[in-house]
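Everything below concerns the one structure shown next.
In the working numbering, the protein residues as written are 42 to 120.
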């Protein structure tokens with residue numbers, strides 16, 4: 042994960058987070074399969090994402106989404 046992030050943001054650091062909802066990993070865990078969530082997105086420092094989170098105006102910048110697509114593609118192609 043780190044190498045995929047670093048390719049597009051040399052100063053990027055993966056950090057753990059907790060999801061407030063459920064994911065498919067709960068079902069995988071019941072089967073003994075370890076799963077990890079990985080949601081790479083690059084947000085500008087001035088964006089108050091938590092104020093938008095699950096709100097009527099929830100969004101991320103298109104550039105942040107494009108960054109995530111590139112990182113995920115790199116991760117999947119080279120892991």
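Yeah, the Cβ is synthetic: ideal placement off N, Cα and C, and Gly gets one too.
Residue state for residue 48 is assigned as helix, using DSSP reduced to three classes.
In the displayed model, residue 70 falls within a helix according to three-state DSSP.
Counting of Cβ neighbours within 10 angstroms places residue 112 among the buried residues, the total reaching 16 or more. Between the alpha carbons of residue 78 and residue 45 lies a distance of about 15 Å.
Burial check for residue 81: the Cβ neighbour count within 10 Å reaches 16 or more, so the residue is buried.
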